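**Q**
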Amino acid sequence: MQTRSRNFYLIPYVIWIAIFVIMPILLVVYYSFLDIHGNFTLANYQKFFTPVYLKMTLSSFWYALLITAVSLLVAYPTAFLLTRTKYKQLWLLLIILPSWINLLLKAYAFIGIFGTYGFANALLEVFGIGKKQILFTDFSFIFVSVYIFIPFMILPIFNALDKLNPSFIDASRDLGASGWTTFRRVIFPLTFDGVKSGCQVVFIPALSLFMLTRLIAGNRVITLGTAVEQHFLVTQDWGMGSTIAVFLIISMVIIMLLTGNKKRGGVG
């Protein structure tokens with residue numbers, strides 16, 4: 009009886025997954041085998057393995073890795089400090105709050121900040137450096153991307169650090185371990201699942217960025233996400249756009265499998 013009841017409640021979930029996950033993926037795979045005239049072809053997959061698209065793939069992975077690495081370097085010490093503040097939940101809310109704002113609005117805000125007459129250049133003039141080209145550079149693209157994704161990196165790390173038993177740290181110090189050794193052998197291994205979750209939720213969307221590459225990087229940064237947008241909206245080559253999307257989906261599945269949480273035997 010309980011099994012039937014459980015299966016009954018699974019029906020809406022299965023229908024949702026089938027309509028909004030499985031069917032769109034199958035549709036993308038189907039379109040990847042069509043040329044611009046709607047004829048069946050394997051040319052899209054052959055074209056993907058040409059130097060142009062392979063270089064674009066490496067560029068996408070490089071920028072996604074860079075954004076994830078910078079986000080982690082900023083997020084881990086921030087989350088660590090948050091767990092030791094008095095009103096940590098309030099501070100965490102203030103950090104997460106900007107993620108509720110529309111991405112497009114934040115992008116246009118940074119266009120104003122990094123523009124020729126924006127706040128950043130005004131600050132440089134105060135220090136006597138003079139105006140610089142900040143917008144439409146790799147720096148501005150990575151900076152804005154990190155700003156947008158960093159709440160999603162902080163949250164899982166904060167949760168992992170907040171659940172960490174302080175007795176492990178006390179025991180490490182009682183045994184004579186230095187602060188760095190305690191962090192390397194106790195704190196980081198015990199919070200590594202939080203780090204993996206944070207890297208997953210940052211790396212995967214960073215891999216397919218397209219809006220920021222246009223607005224902040226001025227199309228100087230070309231990624232697979234940019235190529236998908238161009239093929240679907242500009243060249244109308246849905247087959248090639250779908251082929252790139254298929255490889256993005258495969259890449260994301262592999263990343264999810266590699267960063268999936270596994271039971272850890274103990275402290276390394």
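Plus 8 on top of the position in the sequence shown (first one is 1) and you've got our numbering. C-beta: ideal position from N, C-alpha, C; glycine also. All values reported here derive from a predicted model rather than from experimental measurement.
1) Out of 166, 223, 209, which one is the CA nearest neighbour of residue 198?
2) Less than 7 Å separating the beta-carbons of residue 251 and residue 48?
3) Rounded to whole angstroms, what is the Cα-Cα separation between residue 219 and residue 190?
4) So within the region 12-41, which uninterrupted alpha helix (DSSP H) runs reach at least 4 residues, ignoring any that extend past its ends?
5) Quick one: does the C-beta of residue 224 sit closer than 6 Å to a heavy atom of the ligand ATP?
6) Under three-state DSSP, which class holds residue 176?
7) For a test of the three-state rule: what should DSSP assign to residue 144, helix, strand or coil?
8) Who are the near neighbours of residue 263 in its chain, counting only those whose CB is closer than 7 Å to its CB and skipping five residues on each side?
9) Can the beta-carbon of residue 154 be found less than 7 Å from the beta-carbon of residue 224?
10) Helix, strand or coil for residue 48 per DSSP?
11) Assuming residue 63 is part of the alpha helix (DSSP H), what are its boundary residues?
12) Within its chain, find whatever has a CB closer than 8 Å to the CB of residue 115; leave out the 5 residues flanking it on each side and keep chain order.
13) Residue 143 and residue 123 - do their beta-carbons sit closer together than 7 Å?
14) Going by DSSP, what residue range makes up the alpha helix (DSSP H) through residue 201?
15) Assign residue 273 to one of two classes, buried (16 or more other C-beta atoms within 10 Å of its C-beta) or exposed (fewer than that).
16) Taking residue 160 as the reference, which of 82, 268, 46, 25 has the closest Cα?
**A** Result, derived from the coordinates:
1) Within the sequence shown, the letter at position 190 stands for residue 198. Minimum Cα-Cα distance from residue 198 among the listed residues 166, 223, 209 corresponds to 166.
2) By 1-based counting over the sequence shown, the position of residue 251 is 243. By 1-based counting over the sequence shown, the position of residue 48 is 40. No, these two residues do not count as a Cβ contact at 7 Å.
3) Sequence index remark: in the sequence shown, residue 219 carries index 211 (1-based). Sequence index remark: in the sequence shown, residue 190 carries index 182 (1-based). Between residue 219 and residue 190, the C-alpha separation is close to 41 Å.
4) Fully enclosed alpha helix (DSSP H) runs of 4 or longer: 31-39.
5) No copy of the ligand ATP occurs in the structure displayed, which carries no ligand at all.
6) As a working note, residue 176 is residue 168 in the sequence shown. Note: residue 176 maps to helix in three-state DSSP.
7) On the sequence shown, residue 144 is found 136 positions in, with the first residue counted as 1. Residue 144: coil per DSSP, three-state reduction.
8) The residue given as residue 263 occupies position 255 in the sequence shown. Result list for residue 263: 208, 211, 212, in chain order.
9) Numbered from 1 along the sequence shown, position 146 holds the residue referred to as residue 154. Numbered from 1 along the sequence shown, position 216 holds the residue referred to as residue 224. Against a cut-off of 7 Å, the Cβ pair of residue 224 and residue 154 comes out as no contact.
10) Residue 48 sits at position 40 when you count from the first residue of the sequence shown. In the structure shown, residue 48 sits in a strand (DSSP, three-state: E or B).
11) In the sequence shown, counting from the first residue as 1, residue 63 sits at position 55. 59-90 is the span of the alpha helix (DSSP H), which, as asked, contains residue 63.
12) In the sequence shown, the residue the question calls residue 115 occupies position 107. Take residue 115, set aside five residues on each side of it, and the residues of its chain with a beta-carbon closer than 8 Å to its own are 152, 219, 220, 223, 224, in chain order.
13) Position 115 of the sequence shown holds residue 123. Position 135 of the sequence shown holds residue 143. Cβ atoms of residue 123 and residue 143: closer than 7 Å.
14) Within the sequence shown, the letter at position 193 stands for residue 201. For residue 201, the enclosing alpha helix (DSSP H) covers residues 200-215.
15) Residue numbering aside, residue 273 sits at position 265 when the sequence shown is read from its first letter. In this predicted model, residue 273 has a pLDDT of only 41, less than 50, meaning its place in the structure is not dependable; the value taken from the coordinates is given anyway. Taking a 10 Å sphere around the C-beta of residue 273, we find fewer than 16 other C-beta atoms and assign the residue as exposed.
16) Translated into positions along the sequence shown, residue 160 becomes position 152. Closest by alpha carbon: 82.
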